[in-house]
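Chains as they are written, first to last, in the working numbering: chain A, 9 to 478; chain B, 18 to 178.
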Amino acid sequence: MKKSIVVLLILFMAVCAVFANGGAESKPAVKPTEQPAQKAPVVETKPAGTTEVEWWSYYGKANIEYLQKVIDAYNSSQSDYHVTIEYQGSQLELIAKMQSTLKADLPALFNCAVENIGMLIPADYCVSAQEYLNKDPKGWPELDHTYGAFKAAYCDKDGNLVGYPNGVSYPTIYYNKNMLEKAGIDPFSLTSLDKVYEACKKLVKGGYCTYGIGFHNDGGYYFNSSIAREGVLAFDNEDGYKGKITKCFYNDGGKVQDTATKYLQFYKNLYADKLAVAYGANYSSEILPLMASGDCAMMMGVISMTTKVLSTVKGAFEVGVIPLPSVTANGKRTGEPAGGTGLFIANNEKKWEMQGAYEFMKFCSKGEWAGYFAAMTGYLAPSTDAYNSEVYQTYLKKTFPAISVVYDSLSKSDDSAKMPLCAISSNIKSANKLAIETVSNYPTDESVANSLKLANDTIQDAIDLYNLSN
Amino acid sequence: MIIPGEVVVITNYVTIQNLHLVNTYAGLFLTSLISGTSIFMMRQYYMQLPKDFKEAAILDGCGDVQFLIKIAIPLSVPTISALAIYQFVHIYNAYFWPLLVTNKDIWRTIQVGISYLVTGDVEEYGKILGAAMIAMFPTVLAFIFGQDYIIKGMVSGGIKG
């Protein structure tokens, strides 16, 4: 009996092993540099019939409802393509699915955060939108009206468009305008982190509030953004725009180390003097209620939090917003680091679906629809067309006039504040975030030096490992 | 039991993909049909079954399979019931696997649906908690109706001789 059961088990495992050895998976991994050139679709007449275009997204229910309106408008405006949107979990879960799904099962369109664009460029599941743009006889007029900083964030190192901004976020500081006026602080003078620290000290020591500032806990992103606003390149090959990143400069003994050290010292000083909300606090359930009750004067966050900020504050005070300061007073502050989510074309090898994805991207970028989505969600309008749309102008005038400060800054900006272009962006963000958390919890000079060294070593290891295998 | 689920999820997913079971009910439950924990617990139970049962059954002309079907399994109903309830709760509450093997909303489970309500910047706690309460019902019912079996199953696995 036992022997026969053992034999049966072995046979079962052998059968499983046979099924597990799928044909698609037995192909050797292709290095990105050896990838066969993606076949761009030839501009030819689409066959009759409606092609289904599936869009994978990590937007939640509320945003998907707004996007459904855009989708319905597109679907009813033409009959060649029919777009449907499907929720696929969080950002990281969606990326994991994109990486593991067989090409034939991939959607035609997907969302991804702009700071992960370095991961998408060499990926075989993503196709650059530039290929379609090059062959598009009608062109893409809305591209010319897209804010330069945002457009640059979605291009590769050769300036080819990879995707298009769908929900443009932007690092900023929200503040209690009434409180800052009372304390005699000009919010537009907060152009560097030193000045933010001084303002927090004045507010707390002056008894205006308990905490000068609170931080959205996506620290890795703000670290990158602040370095970018400073105008400093923390990685070689111009942050990956002139070639592959091979070196992290956090400990270079030069300007980068100096800037990164000053950035961490900002947190060290704040927490040593107990001027900030405990790092890691949830912005929505902890920091915003503190702001609403007058216990916290400012919050470093992203512009997509506007709806939440306004609904929590409920008119208790006037909310203002300023662009992210640079690290030092000598910071460049001419670049605007982009954040948020973009649309990208997935390579499912179904040319008409991919073509439909490109056509839908163009539709989404139209002023009326991009402006609608920005107005409903609090994201920024990605182009002047969207900014000037009636729906967005109404939002600007009635809901949040203070946001015009951000557009003033955008109109004068260049594209110098880009995120590092590499496939290990999430490793960089994690290392940066850990450095901030460590310094916030142990606010000493030694902690600053050790955290920066650890971040540098962690990122360098990740870079080396990635370059070794790619 | 010492192997975390995350270690095998990749191979399981590749297997399900190659069997073309993505976006199917079979893809959702197939990998849950066999559980190391269940095998271990049932083995522990059967090991403490008195040998006298087996000897008496052999004397009466009962073969191994007959012994299993007519004696061992009926005796182990409380343990099987307890395991069934634990497994049901564990699989019912699974989030990552259903998210991974389904791409369309019509195949999604309620656990994935609850995460869909979390928009990130706009959190509707009322709806999320309401959905969580509804999602809890089957597991609460399972525990209410199966609590006798759960206790018997827990106890029977520990008694020897």
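Glycine is no exception: its CB is placed at the ideal position from the N, C-alpha and C atoms.
### Query
What does A/Leu-110 reach in chain B if we use C-beta pairs closer than 7 Å?
Start at 1 with the first residue of the first sequence, and residue 110 of chain A comes out as number 102. From the beta-carbon of A/Leu-110, the residues of chain B found nearer than 7 Å are Gln-34.
### Message
Using only the alpha-carbon positions, how far apart do A/Lys-35 and A/Asn-225 sit?
### Response
As a first step, residue 35 of chain A is located in the first sequence; it is residue number 27 there, counting from the start. As a first step, residue 225 of chain A is located in the first sequence; it is residue number 217 there, counting from the start. In this prediction, A/Lys-35 scores a pLDDT of 42, lower than 50, which makes its location untrustworthy; the coordinate-derived value is nonetheless stated afterwards. The C-alpha of A/Lys-35 lies about 41 Å from the C-alpha of A/Asn-225.
### Same chain only: Cβ atoms within 8 Å of A/Thr-137, ignoring 5 sequence neighbours per side
Locating residue 137 of chain A in the first sequence gives position 129, counting from the first residue. Inspection of the sequence shows that residue 137 of chain A is occupied by Ala rather than by Thr. Within the same chain, Leu-169, Val-170, Gly-171, Tyr-172, Phe-352, Ile-353, Tyr-366 and Met-369 come within 8 Å of A/Ala-137 by CB-CB distance, once the 5 residues on both sides are set aside.
### Task
Tell me, please, whether the region 451-459 of chain A touches the region 240-250 of chain A by the rule of three or more beta-carbon pairs shorter than 8 Å.
As far as the Cβ criterion goes, the region 451-459 of chain A does not touch the region 240-250 of chain A, which means the pair count is below three.
#### Entry: chain B within 8 Å of A/Lys-358, Cβ atoms only
Locating residue 358 of chain A in the first sequence gives position 350, where the first residue counts as 1. Not an interface residue.
#### Entry: Given B/Gln-65 as reference, the closest of B/Asp-81, B/Val-39 and B/Ser-93 once Cα atoms are compared
Translated into the one-based positions of the second sequence, residue 65 of chain B becomes position 48. Comparing Cα positions, the closest option is B/Ser-93.
### Query
By Cβ distance, which residues of its chain are closer than 6 Å to A/Trp-377, with the 5 residues on each side in sequence left out?
Along the first sequence, read from residue 1 onward, the residue named residue 377 of chain A stands at position 369. Around A/Trp-377, the same chain offers Val-78 as residues with beta carbons nearer than 6 Å, after the five sequence neighbours per side are excluded.
### Message
Across the region 214-224 of chain A and the region 254-261 of chain A, are there enough close Cβ pairs to call them in contact, namely three or more that are closer than 8 Å?
### Response
No, the region 214-224 of chain A does not touch the region 254-261 of chain A.
### Message
By the DSSP assignment, the alpha helix (DSSP H) with B/Tyr-62 in it spans what residues?
### Response
As a first step, residue 62 of chain B is located in the second sequence; it is residue number 45 there, counting from the start. Run containing B/Tyr-62: 53-64, per the alpha helix (DSSP H) assignment.
### Given 8 Å, three or more beta-carbon pairs between the region 80-97 of chain A and the region 194-202 of chain A
No: the two stretches stay apart, fewer than three of their Cβ pairs being nearer than 8 Å.
### Message
I want to see whether chain B comes within less than 8 Å of A/Gly-126, judged by CB atoms only; does it?
### Response
Indexing the first sequence from 1 puts residue 126 of chain A at position 118. No, A/Gly-126 does not count as interfacial toward chain B.
### Query
DSSP on A/Glu-189, reduced to helix/strand/coil?
In the first sequence, the residue the question calls residue 189 of chain A occupies position 181. Here A/Glu-189 sits in helix by DSSP.
### Query
Looking at the unbroken alpha helix (DSSP H) that takes in A/Gly-84, where does it start and where does it end?
Taking the first residue of the first sequence as 1, we reach residue 84 of chain A at position 76. In the sequence as presented, Gly is not what sits at residue 84 of chain A; that position holds Ser. That run of the alpha helix (DSSP H) goes 69-85.
### Query
For the beta strand (DSSP E) that contains A/Trp-63, what are its first and last residues?
To locate residue 63 of chain A, count along the first sequence from 1; it is residue 55. Counting along the chain, A/Trp-63 sits inside the beta strand (DSSP E) bounded by residues 59-65.
### Task
Using beta-carbon positions only, say whether A/Leu-476 and A/Val-176 come within less than 8 Å of one another.
Counting from 1 along the first sequence, the entry for residue 476 of chain A is found at position 468. Counting from 1 along the first sequence, the entry for residue 176 of chain A is found at position 168. With contacts defined as CB atoms closer than 8 Å, A/Leu-476 and A/Val-176 fail to qualify as a contacting pair.
### Task
In the DSSP assignment, find the unbroken beta strand (DSSP E) run with A/Cys-304 in it and report its ends.
Here residue 304 of chain A refers to the residue found at position 296 of the first sequence. Note, A/Cys-304: beta strand (DSSP E), 304-310.
### Message
Suppose contacts are defined by Cβ-Cβ distances below 8 Å. Is A/Val-122 in contact with A/Gly-347 by that definition?
### Response
Position 114 of the first sequence holds residue 122 of chain A. Position 339 of the first sequence holds residue 347 of chain A. It is a contact, given that the beta carbons lie within the stated cut-off.
### Task
Tell me, to the nearest whole angstrom, how far the beta carbon of A/Val-285 is from that of A/Cys-304; I am working on the premise that it is less than 8 Å.
By 1-based counting over the first sequence, the position of residue 285 of chain A is 277. By 1-based counting over the first sequence, the position of residue 304 of chain A is 296. About 6 Å separates the two Cβ atoms, so the contact holds.
### Query
What first and last residue would you give for the alpha helix (DSSP H) that runs through B/Ile-123?
The sequence position of residue 123 of chain B within the second sequence is 106, counting from 1. No alpha helix (DSSP H) holds B/Ile-123; DSSP gives it neither H nor E.
### Query
Grouping DSSP H, G and I as helix and E and B as strand, with all else coil, what is A/Cys-372?
As a position in the first sequence, residue 372 of chain A is number 364, starting the count at 1. Residue state, collapsed to three classes: helix.
### Message
Quick check: is the beta carbon of B/Lys-71 nearer than 8 Å to any beta carbon in chain A?
### Response
Here the question's residue 71 of chain B lines up with position 54 in the second sequence. For B/Lys-71, no CB of chain A lies under 8 Å from its own CB, so it is not counted at the interface with that chain.
### Message
To the nearest angstrom, how far is the alpha carbon of B/Pro-95 from that of B/Gln-83?
### Response
Position 78 of the second sequence holds residue 95 of chain B. Position 66 of the second sequence holds residue 83 of chain B. Their backbone Cα atoms lie some 20 Å apart in a straight line.
#### Entry: Test: B/Tyr-30 CB closer than 8 Å to a CB of chain A
Reading the second sequence from its first residue, position 13 is the one you call residue 30 of chain B. Interface flag for B/Tyr-30 against chain A is set, since a Cβ pair is found closer than 8 Å.
### Message
At the level of alpha carbons, what is the spacing between A/Tyr-140 and A/Gly-364?
### Response
Position 132 of the first sequence holds residue 140 of chain A. Position 356 of the first sequence holds residue 364 of chain A. Between the alpha carbons of A/Tyr-140 and A/Gly-364 lies a distance of about 11 Å.
### Query
Just to confirm, are A/Glu-6 and A/Ser-373 a CB contact at a threshold of 8 Å?
This structure cannot speak to residue 6 of chain A, because chain A is shown only from 9 to 478.
### Candidates A/His-153, A/Leu-117 and A/Asn-396: closest to A/Ser-412 by CA position
The residue you call residue 412 of chain A lines up with position 404 of the first sequence. Considering only alpha carbons, the answer is A/Asn-396.
### Query
How is the alpha helix (DSSP H) around B/Asn-40 delimited, first residue to last?
In the second sequence, counting from the first residue as 1, residue 40 of chain B sits at position 23. For B/Asn-40, there is no enclosing alpha helix (DSSP H), as DSSP marks it with neither H nor E.
### Message
Runs of 3 residues minimum, wholly inside the region 86-134 of chain A: which ones carry the beta strand (DSSP E) assignment?
### Response
Taking only runs of at least 3 residues, the beta strand (DSSP E) segments lying wholly in the region 86-134 of chain A are 89-95 and 117-121.
### Task
Could you tell me whether the Cβ atoms of A/Thr-180 and A/Pro-331 are closer together than 8 Å?
As a position in the first sequence, residue 180 of chain A is number 172, starting the count at 1. As a position in the first sequence, residue 331 of chain A is number 323, starting the count at 1. The answer is yes: Cβ separation under 8 Å.
### Query
Residues in the region 117-130 of chain B with C-beta within 7 Å of chain A's C-beta atoms, listed in sequence order?
Residues Leu-117, Asn-120, Lys-121 and Asp-122.
### Task
Starting from the N-terminal side, write out each stretch of the alpha helix (DSSP H) that is 4 residues or longer and does not extend beyond the region 146-231 of chain A.
You should have 149-152, 156-161, 185-190 and 201-213.
### Query
Does B/Ser-132 have its Cβ less than 8 Å from a Cβ in chain A?
Here residue 132 of chain B is taken as the residue at index 115 of the second sequence, counted from 1. B/Ser-132 counts as touching chain A.
### Message
Counting only C-beta atoms, is A/Glu-60 closer than 8 Å to chain E at any point?
### Response
Judged by its chain identifiers, the structure shown contains no chain E, and its protein chains are A and B.
### Outcome for B/Tyr-42 when other beta-carbon atoms lying within 10 angstroms are tallied against a minimum of 16
Walking along the second sequence from the start, residue 42 of chain B turns up at place 25. Result: exposed.
### Query
Who are the neighbours of B/Val-24 on chain A, taking C-beta pairs under 8 Å?
Translated into the one-based positions of the second sequence, residue 24 of chain B becomes position 7. The contacting residues do not exist; B/Val-24 stays about 15 Å from chain A at best.
### Task
Could you check if B/Tyr-142 is buried or exposed, using at least 16 other CB atoms within 10 Å of its CB as the buried criterion?
By one-based count along the second sequence, residue 142 of chain B stands at place 125. By the neighbour-count rule (16 or more Cβ atoms within 10 Å), B/Tyr-142 is not buried but exposed.
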